[in-house]
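Participant:
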DNA sequence: TATAAAACCTATTGACAAGGTAGGTTATTT
DNA sequence: AAATAACCTACCTTGTCAATAGGTTTTATA
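Residue numbers (the numbering used here), protein chains in the order written: chain A, 37 to 180; chain B, 37 to 180.
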């Protein structure tokens, strides 16, 4: 299950994509707009700065803005950076988590396939896709 | 993330599909074969009995067997019964978990789409598919 | 009919991660 | 200098997972 970290991160990125016309947006504003604890966001969002996905500016007049066009961010990469793991089962998380029966496990391919399906889906959606979709939705949530 | 409950349940069902030629198989045997705590399985497997997916027999000579053909069980239904939730995010779990912003949330369609992709994948795999696949794999895990 | 063996039931526990809160430090503009 | 913003690190509370434990009920066999 995707945790609040990943969900909040995505909402912040969408907020930035939507509200920044090349000027810096403060986390304070985003936190208020999204109704998320600013303190909590402060430990999530710097991750993207380290990966050069955001440009940060400290001090008066500072804030964040995207470093690239919204179509160059996928939901998949945003979640990979913020979620502890996107693996659908523990035995696919790390090598050390791999179970000793992996070599003969008849169900392993099920989980590998699930992971593939998920990742392909998440890698196929960009921030721009979300912005485009939002225009369609404007005001209702019936058409999904 | 799929928990041990769901993973173990699937392994037990595959074990039954594979090892039962219409006779009852004890949880003791399955637990030993799968190297899973029998006591733990005892609180998972009766779920399937209640749903008439398994036939249980108590007492001497008793055990479990499938009530239908392996091709009539999907991974999806097995997981839905054993996992607390298959929703990819908390806000899709229950109505009471739905967030107040749902009506205007620009990211909600992403999660709904993810859920759909996952469920379609899991509903598309049967126990028979797993048995068939196992023959191919026999002894190696290179071809996935 | 006693006994063994099986499923079934319910409570409890220990560990761990999620989801924050708190209090500070560093950088930058006015 | 002062205000404001990002950034860092430690802590804490709560809930769930993954079992373990100790029983009860059912049924075939000796």
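Here a beta-carbon is modelled for each residue, glycine too, at the ideal position from N, C-alpha and C.
Less than 8 Å between the beta carbons of residue 117 of chain A and residue 161 of chain A, yes or no?
Facilitator: On the first chain, residue 117 of chain A is found 81 positions in, with the first residue counted as 1. On the first chain, residue 161 of chain A is found 125 positions in, with the first residue counted as 1. No, Cβ-Cβ distance for residue 117 of chain A and residue 161 of chain A is not below 8 Å.
Participant: By how many angstroms is the C-alpha of residue 40 of chain A removed from the C-alpha of residue 119 of chain A?
Facilitator: The residue given as residue 119 of chain A occupies position 83 in the first chain. The residue given as residue 40 of chain A occupies position 4 in the first chain. Roughly 9 Å between the two C-alpha positions.
Participant: Closer than 8 Å by beta-carbon distance: list the chain A residues that pair up with residue 157 of chain B, in chain order.
Facilitator: Counting from 1 along the second chain, the entry for residue 157 of chain B is found at position 121. The contacting residues are 149, 150, 153.
Participant: Applying a beta-carbon distance threshold of less than 8 Å, which residues of chain B neighbour residue 46 of chain A?
Facilitator: Locating residue 46 of chain A in the first chain gives position 10, counting from the first residue. Chain B residues near residue 46 of chain A: 143, 146.
Participant: How many whole angstroms separate the CB atoms of residue 102 of chain B and residue 53 of chain B, which I take to be in contact at a CB cut-off of 8 Å?
Facilitator: For the purposes of this step, residue 102 of chain B is taken as residue 66 along the second chain, with counting starting at 1. For the purposes of this step, residue 53 of chain B is taken as residue 17 along the second chain, with counting starting at 1. Between residue 53 of chain B and residue 102 of chain B the Cβ distance is about 6 Å, and since that is below 8 Å, they are a contact.
Participant: Tell me which residue opens and which closes the beta strand (DSSP E) that residue 101 of chain B is part of.
Facilitator: Your numbering for residue 101 of chain B matches position 65 in the second chain. Start and end: 99-102.
Participant: If we cut at 8 Å on Cβ distances, does residue 106 of chain A have a partner in chain B?
Facilitator: Along the first chain, one-based indexing puts residue 106 of chain A at 70. For residue 106 of chain A, the answer is no, since every Cβ of chain B falls outside 8 Å of its Cβ.
Participant: Excluding the 5 residues preceding and the 5 following residue 176 of chain B in the sequence, name in chain order all residues of the same chain whose CB lies nearer than 8 Å to its CB.
Facilitator: Position 140 of the second chain, counted from the first residue, corresponds to residue 176 of chain B. Any reading at residue 176 of chain B must be qualified, since the residue scores a pLDDT of 47, below 50, and its modelled position is unreliable; the value itself is stated next. Nothing listed; no residue qualifies.
Participant: When you compare only the Cα positions, how much space is there between residue 183 of chain A and residue 127 of chain A?
Facilitator: What the structure shows of chain A is the stretch from 37 to 180, and residue 183 of chain A is not part of that stretch, so it cannot be assessed.
Participant: Report the rounded CA-to-CA distance for residue 98 of chain B versus residue 106 of chain B, giving the unit in angstroms.
Facilitator: Along the second chain, read from residue 1 onward, the residue named residue 98 of chain B stands at position 62. Along the second chain, read from residue 1 onward, the residue named residue 106 of chain B stands at position 70. About 21 Å.
Participant: Kindly list, in the order they appear in chain A, the residues whose Cβ is closer than 7 Å to that of residue 92 of chain B.
Facilitator: If you number the second chain from 1, residue 92 of chain B lands on position 56. Per Cβ cutoff of 7 Å: no residues; residue 92 of chain B is ~23 Å from chain A at best.
Participant: Just verifying my parser: in three-state terms, what is the DSSP assignment at residue 163 of chain B?
Facilitator: To locate residue 163 of chain B, count along the second chain from 1; it is residue 127. If DSSP states are grouped into helix, strand and coil, residue 163 of chain B belongs with the helices.
Participant: Could you work out which residues of chain B lie near residue 124 of chain A, taking near to mean beta carbons separated by less than 9 Å?
Facilitator: For the purposes of this step, residue 124 of chain A is taken as residue 88 along the first chain, with counting starting at 1. Ordered by position in chain B, the residues that pass the 9 Å Cβ test against residue 124 of chain A are 37, 38, 154.
Participant: Answer with yes or no whether the minimum CB distance from residue 69 of chain B to chain A is below 8 Å.
Facilitator: Walking along the second chain from the start, residue 69 of chain B turns up at place 33. Taking Cβ atoms only, chain A never reaches closer than 8 Å to residue 69 of chain B, which makes this a no.
Participant: Quick check: is the beta carbon of residue 116 of chain B nearer than 8 Å to any beta carbon in chain A?
Facilitator: Translated into the one-based positions of the second chain, residue 116 of chain B becomes position 80. Answer no: the Cβ-Cβ gap between residue 116 of chain B and chain A never drops below 8 Å.
Participant: Determine, using beta-carbon pairs with one atom in the segment 139-155 of chain B and one in the segment 84-96 of chain B, whether at least three such pairs fall under 8 Å.
Facilitator: Flag = no, the segment 139-155 of chain B and the segment 84-96 of chain B do not touch.
Participant: Shorter than 8 Å from the beta carbon of residue 43 of chain B to some beta carbon of chain A?
Facilitator: Here residue 43 of chain B refers to the residue found at position 7 of the second chain. Closer than 8 Å to some Cβ of chain A, the Cβ of residue 43 of chain B qualifies, so yes.
Participant: Let's see if you can read the secondary structure: which residues bound the alpha helix (DSSP H) around residue 77 of chain B?
Facilitator: Here residue 77 of chain B corresponds to residue number 41 of the second chain, with the count starting at 1. Counting along the chain, the alpha helix (DSSP H) containing residue 77 of chain B begins and ends at 74-78.
Participant: For the candidate residues A:87, A:57, A:153, A:49, whose alpha-carbon lies nearest to that of residue 69 of chain A?
Facilitator: Looking up residue 69 of chain A in the first chain gives position 33. Nearest of A:87, A:57, A:153, A:49 to residue 69 of chain A, Cα basis: A:49.
Participant: Given a threshold of 16 other Cβ atoms within 10 Å of its Cβ, counted over all protein chains shown, does residue 96 of chain A qualify as buried or as exposed?
Facilitator: Taking the first chain and counting its residues from 1, one reaches residue 96 of chain A at position 60. Exposed is the call here.
Participant: Using a Cβ-Cβ cut-off of 8 Å, state whether residue 166 of chain B counts as contacting chain A.
Facilitator: Numbered from 1 along the second chain, position 130 holds the residue referred to as residue 166 of chain B. Closer than 8 Å to some Cβ of chain A, the Cβ of residue 166 of chain B qualifies, so yes.
Participant: Do you know how far the Cα of residue 72 of chain B is from the Cα of residue 163 of chain A?
Facilitator: Stepping through the first chain from its first residue, residue 163 of chain A is reached at position 127. Stepping through the second chain from its first residue, residue 72 of chain B is reached at position 36. Roughly 43 Å separates the two Cα atoms.
Participant: For residue 80 of chain B, decide whether its Cβ has a neighbour in chain A, counting only Cβ atoms nearer than 8 Å.
Facilitator: By one-based count along the second chain, residue 80 of chain B stands at place 44. It does not; no Cβ of chain A falls within 8 Å.
Participant: Can you grab the Cα-Cα spacing for the pair residue 47 of chain A / residue 166 of chain B, in whole Å?
Facilitator: As a working note, residue 47 of chain A is residue 11 in the first chain. As a working note, residue 166 of chain B is residue 130 in the second chain. Taking the straight line from one Cα to the other gives about 38 Å.
Participant: Quick check on residue 109 of chain B: buried or exposed, where buried means 16 or more other Cβ atoms within 10 Å of its Cβ?
Facilitator: Within the second chain, residue 109 of chain B is the residue found at index 73, counting from 1. Flag for residue 109 of chain B reads buried.
Participant: Give the single residue among B:63, B:87, B:114 whose Cα lies nearest to the Cα of residue 77 of chain B.
Facilitator: Indexing the second chain from 1 puts residue 77 of chain B at position 41. Closest option to residue 77 of chain B, Cα to Cα, is B:63.
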